[in-house]
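Before any comments, here is the structure.
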Amino acid sequence: MGRVKSTIDGVVIGVFMGFGEEGVPLVVFAGNPEETAQPARCLSELSSDMVGKAVALLFQEGDPRKPLIVGRIVEPARRPGVEVISDGKRVRIRANDRLELRCGKASIVMDSDGQIVIRGTYLISHSSGPNYIRGGSINLN
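Using our numbering, count along the sequence shown one by one with no gaps and you end on 153.
Written as structure tokens, this is what we have:
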């Protein structure tokens, strides 16, 4: 696996390859003195679904034959973020499931099913022209 180092200082990123005899974790890494995966000690529990994942390694006394898995490298969660587009005339904010605007006791909540809930301690609607309220049914108080 490349050139053999006499000691390894600092963290090295390796790959968890599975389990060897007696359930010992096996890892490969740059600077591995062997042609095969090295048995490693581990600070946390590993499972077979982690095989092939990147792990952070330290080495006992800097010895490349004594790797210690200190943790798994976790990729950031891939969540769709809020998109804000400004063309100078308007700002568009998009959300997949729900958009919430909150300030103190006031809130506007919009759900993807079309429901909009406006809450506050005092609501005012002003219009210089007609002010319409339309709906399948309208409930006042």
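Glycine included, C-beta positions come from ideal geometry on N, C-alpha and C.
Host beta strand (DSSP E) of Val24 (start-end): Start and end: 24 to 31.
Would the segment 60 to 79 and the segment 106 to 116 be scored as touching if the rule is three or more Cβ pairs under 8 Å? No: fewer than three Cβ pairs fall under 8 Å.
Please state if the CB of Val36 and the CB of Pro51 are separated by a distance shorter than 7 Å. A contact, by the Cβ cut-off of 7 Å.
Sort Leu69, Ser124, Ile136 by Cα distance to Arg106 and report the nearest one. Out of Leu69, Ser124, Ile136, Ser124 has the C-alpha closest to the C-alpha of Arg106.
Can you grab the Cα-Cα spacing for the pair Val67 / Val82, in whole Å? Within the model, the alpha-carbon separation for Val67 versus Val82 is close to 8 Å.
Which residue or residues does DSSP assign as beta-bridge partners of Ala66? Per DSSP, Val27.
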